[in-house]
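Below: the structure, in C-alpha cells.
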Amino acid sequence: MANPSEKKPGTRQYDPYRELELRTPIHNLYNLPTSPEYLFQEQATVNRRSWSENLQYYTGSGYLGGAVLGGAKGAAEGLRAAEPGDSLKLRVNRVLNSGGHAGRRLGNSLGVLGLIFAGLESAIVHWRGSDDVLNSVGAGLGTGALYRAASGPRSAAIAGAIGGLAAGAAVAGKQAMRRYVPV
Amino acid sequence: MGTPETSREPCPDRILDDIGGAFGMGAVGGSAFHFIKGIYNSPNGHRVIGGAQAVRMNAPRVGGSFAVWGGLFSAFDCTMVYARQKEDPWNSIFAGASTGGFLAMRQGLGPASRAALFGGVLLALIEGPGIMLNKVMSAQQNMPMILEEPVPNMAGGPGFQLPGRGPQAEQASDSGWFGGWFGGKKEEPKASGVKTDVLESFDSPVPPTFEFK
C-alpha cells in the first residue's frame, strides 16, 4: 500500500478542509469529549435497542416480509389463473392485481403483528428491567391474545399460546444458530 | 455530547426503518381517527365496540398505505443519494415526485405525471425553505471570498455534515446551478488567481484569522 504522504511528481496535495478553515474552526469537530456517555455503569453495560428502534425494526421487517411473501404468492396465483388466448396486457394486469391484493393483505397483517409485538416487548423490558427470553415470550403471548381478542376469549387464549411459543422458539433458534452455525 | 446517536441509519437499513416508522404512524394515527369516527357513527350502547370494529377494519389499511408511501420514498431517496453522491434536500424532492408518479403508474402517463408533480410540489414545500435558507446564509458569508479564490470543489461526500450544510450549498452555487447537482467527481481547481501552496500535512499552518489574504 503506497504511503499516502508520498508526493507524486506534478501533483500537489489537496487539503479538503482548507477553505472551510477560514469560516469555522473545523478541527473542533473532531475533538470529541472524553467524559462518559452514561451516568451509571448499569446503563452503560446494557446493550439493547431503544423503543423506537425496536418498533421500526419489527414493524418494518414484518410489513416488508409480509408484502414480499404475499406479493410472490399472489403473483404466482395470477400467473396460474391465466386463460389461453389472453393478451399480454391482460396477463400482466391479472398478475399485478392478485399480487397487489395478496401482498397488501399479508403485509398489513404482519405489520400489525410486528407493531403490537414491538410495543409490548419494549413495555415489558421497561417494566421488568432485565433482558430475558421471558420478555419475548410475554410479548408474543400478548400479541396473539390482542390480535384475536375480538373472536372471543378462547381463540384469544389459543392465539396467545401460539404467539408465545413462536416467540420463544424464535429466540431459542437465534441463540442456537449463534452458537452452532458457523456464520 | 458524545458520538452522534440521533443520526439516521446508513442508507439500506434506512428503508426498513422508514417502512416501520411509517406503518407505525399510520396505524396509530389511523386507529385514533377511526376509533373516534366509529364511536361517532355507532348506535348508543354499542359505541366502544363500534369504534373497535372500525379500528380493526381500517387501521391496518391506513398503516399499509403509509408504509408503502414511506418505503418507496425512502428507497428513491437512497437511490438519489447513491446516484448523486450527495445528501441534499433535492434528493427528497425528486424522491417525492418519483413516489407519486410510481404509485399512479398503472393509471397511465397523464395521471402519473400529475401525481408526480403533486408529490414533488409537496416535498418542495417541505424542503424548499431549507434550501433557500442554506443558499442565502452561505451566499452572504461567501460573497467576498468567491471573488478571491474560486475553487470549485465537488468532493462534498455524504456524511460530512457541517452545521447548516453551508459548504455543499455554496459549492453548488460556485459551479453554476445545474452543474452543482451531480457531485462525486473531483474537478480540477481553476488555476486563475489561486495560491498553490504545497501542503506537507493536513494541519493548518497558521491559526485561523479573520483577515483576507
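Those sequence lines, one after another, are chains R and P.
Going by my numbering, 125 is the number at position 124 of the first sequence; the sequence numbering is gapless.
Going by my numbering, 268 is the number at position 6 of the second sequence; the sequence numbering is gapless.
A virtual CB, placed ideally from N, CA and C, is assigned to each residue, including glycine.
If you're wondering where the values come from, they're calculated on a predicted model, not measured in any experiment.
Please identify the residue among the options whose C-alpha is closest to the C-alpha of residue i.
i	options	result
residue 270 (chain P)	P:403, P:340 and P:387	P:340
residue 234 (chain P)	P:394, P:358 and P:386	Because chain P spans 263 through 475 in this model, residue 234 (chain P) falls outside it and cannot be assessed.
residue 367 (chain P)	R:108, R:94 and R:183	R:94
residue 157 (chain R)	R:144, R:167 and R:136	R:144
residue 387 (chain P)	P:361, P:297, P:373 and P:351	P:351
residue 134 (chain R)	R:33, R:35 and R:176	R:176
residue 146 (chain R)	R:161, R:33 and R:136	R:161
residue 53 (chain R)	P:292, P:278, P:309 and P:342	P:278
residue 329 (chain P)	P:385, P:282 and P:313	P:282
residue 273 (chain P)	P:291, P:375, P:333 and P:403	P:333
residue 469 (chain P)	R:126, R:97, R:29 and R:14	R:29
residue 326 (chain P)	R:76, R:55 and R:116	R:116
Taking the alpha-carbon positions, what's the residue i to residue j distance?
i	j	result
residue 337 (chain P)	residue 92 (chain R)	28 Å
residue 64 (chain R)	residue 285 (chain P)	8 Å
residue 346 (chain P)	residue 389 (chain P)	18 Å
residue 294 (chain P)	residue 317 (chain P)	8 Å
residue 365 (chain P)	residue 11 (chain R)	53 Å
residue 311 (chain P)	residue 183 (chain R)	52 Å
residue 181 (chain R)	residue 48 (chain R)	22 Å
residue 58 (chain R)	residue 50 (chain R)	10 Å
residue 477 (chain P)	residue 331 (chain P)	The structure shown has nothing for residue 477 (chain P), since chain P only spans 263 to 475.
residue 152 (chain R)	residue 391 (chain P)	50 Å
residue 44 (chain R)	residue 136 (chain R)	19 Å
residue 106 (chain R)	residue 398 (chain P)	48 Å
residue 14 (chain R)	residue 349 (chain P)	26 Å
Taking only beta-carbon atoms, is residue i less than 8 Å away from chain P?
i	result
residue 62 (chain R)	yes
residue 59 (chain R)	yes
residue 149 (chain R)	no
residue 91 (chain R)	no
residue 110 (chain R)	yes
residue 50 (chain R)	no
residue 171 (chain R)	no
residue 113 (chain R)	yes
residue 95 (chain R)	no
Check the Cβ-Cβ distances between residue i and every residue of chain R, and say whether any is below 8 Å.
i	result
residue 278 (chain P)	yes
residue 274 (chain P)	no
residue 362 (chain P)	no
residue 417 (chain P)	Unreliable positioning characterises residue 417 (chain P) in this predicted model, as indicated by a pLDDT of 39, which lies under 50. A coordinate reading is not provided.
residue 301 (chain P)	no
residue 329 (chain P)	yes
residue 297 (chain P)	no
residue 270 (chain P)	no
residue 285 (chain P)	yes
residue 355 (chain P)	no
residue 427 (chain P)	Low confidence applies here, because residue 427 (chain P) scores a pLDDT of 43, under 50, leaving its location unreliable; read the following figure in that light. With 8 Å as the cut-off, residue 427 (chain P) does not count as an interface residue toward chain R.
Closest Cβ-Cβ distance between residue i and chain B: below 8 Å?
i	result
residue 126 (chain R)	Absent here is chain B; the protein component of the structure consists of chains R and P.
Practice item. Flag this pair as touching only if the segment 81-89 of chain R and the segment 138-145 of chain R have three or more C-beta atom pairs under 8 Å; answer yes or no. Key: Under the three-pair Cβ rule at 8 Å, the segment 81-89 of chain R does not count as touching the segment 138-145 of chain R.
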